[in-house]
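In this note's numbering, the protein residues as written are 38 to 328.
All C-beta atoms, glycine included, are put in the ideal place defined by N, C-alpha and C.
Computed from a prediction, not measured in an experiment: that's the story for all the values here.
Inspection log for the structure reproduced underneath, given as structure tokens.
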């Protein structure tokens, strides 16, 4: 095989994957208000209210990699206000685009400033990739909201291209979450309620589900179903694992942080799933790409 043929094959594979990720992204049905955007808004509002009420960051998810942060109170309340106001904003058409843009930039800074330093410091530890992956799911959801509201002819951040790139980010994030269920099996099992049988089996199944959803989206194999089931699974985990903890410790900042962060992550996946509303539930391959 000549170098030119190899380059053509590589370009063809890239173009095919790009079309897979863009399935239904140009469909008008993907651009209206959906349940995913509503859930993301409500979860972000809740996270903002928690920050204002407790005057603190959201636990390990917003841990600052600086021993003594100057003006820490300012950053705590500024973070909470951004979460609250962008959550409210994406619900109202007049300011939804601006709010979506601010939420996307906020989530991007969250990943880059709070999660990437740990990856650079200890790249061989899966937990740091998990931390980045969880926030990347939120970023993917916020980006999807902005992309559906932005210029449909956008080349990277908005329109069809923006939706495609947000989905790619989700595809890259989900395996970091799924692998953690295998690598940290004892810690995963420990979180499960006593009444739930087969703890190890559920840990493996949900971890495999994260990876399977990423592959389904990437290769356009039932992509709408894959994205929706992933979001639904994250919500079930939130309700089964974190809601009982919250109900047992209603005045505990840590319990609120865990429940709301799990909710925002699930809502981020839900917002991405919204973008497949123009694709049939059973559509795969060329049928999904034509939607």
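Residue i - DSSP class collapsed to helix/strand/coil
{"i": "residue 296", "result": "helix"}
{"i": "residue 264", "result": "helix"}
{"i": "residue 71", "result": "coil"}
{"i": "residue 162", "result": "coil"}
{"i": "residue 193", "result": "coil"}
{"i": "residue 79", "result": "helix"}
{"i": "residue 148", "result": "helix"}
{"i": "residue 105", "result": "coil"}
{"i": "residue 312", "result": "coil"}
{"i": "residue 100", "result": "coil"}
{"i": "residue 230", "result": "coil"}
{"i": "residue 57", "result": "helix"}
{"i": "residue 64", "result": "coil"}
{"i": "residue 259", "result": "coil"}
Beta-carbon proximity list for residue i, same chain, < 7 Å, skipping 5 on both sides
{"i": "residue 280", "result": "296"}
{"i": "residue 222", "result": "237, 240"}
{"i": "residue 159", "result": "165"}
{"i": "residue 117", "result": "85, 88, 89"}
{"i": "residue 292", "result": "282, 283, 286"}
Rounded C-alpha distance that separates residue i from residue j
{"i": "residue 318", "j": "residue 162", "result": "37 Å"}
{"i": "residue 135", "j": "residue 127", "result": "8 Å"}
{"i": "residue 311", "j": "residue 261", "result": "9 Å"}
{"i": "residue 257", "j": "residue 193", "result": "20 Å"}
{"i": "residue 216", "j": "residue 305", "result": "19 Å"}
{"i": "residue 180", "j": "residue 153", "result": "19 Å"}
{"i": "residue 121", "j": "residue 203", "result": "22 Å"}
{"i": "residue 102", "j": "residue 190", "result": "38 Å"}
{"i": "residue 137", "j": "residue 123", "result": "7 Å"}
{"i": "residue 264", "j": "residue 70", "result": "17 Å"}
{"i": "residue 282", "j": "residue 50", "result": "46 Å"}
{"i": "residue 139", "j": "residue 266", "result": "28 Å"}
{"i": "residue 325", "j": "residue 156", "result": "35 Å"}
{"i": "residue 143", "j": "residue 98", "result": "14 Å"}
Own chain residues within Cβ distance below 6 Å of residue i, not counting five before or after
{"i": "residue 197", "result": "59, 62, 63"}
{"i": "residue 229", "result": "236"}
Span of the alpha helix (DSSP H), counted from its first residue to its last, around residue i
{"i": "residue 202", "result": "196-220"}
{"i": "residue 324", "result": "322-327"}
{"i": "residue 236", "result": "236-255"}
{"i": "residue 317", "result": "No alpha helix (DSSP H) contains residue 317, which DSSP labels as neither H nor E."}
{"i": "residue 126", "result": "109-126"}
{"i": "residue 282", "result": "280-285"}
Neighbourhood of residue i by C-beta, 8 Å cutoff - its chain only, sequence neighbours within 5 removed
{"i": "residue 106", "result": "112"}
{"i": "residue 328", "result": "60, 61, 64, 315, 316, 317, 320"}
{"i": "residue 125", "result": "78, 82, 136"}
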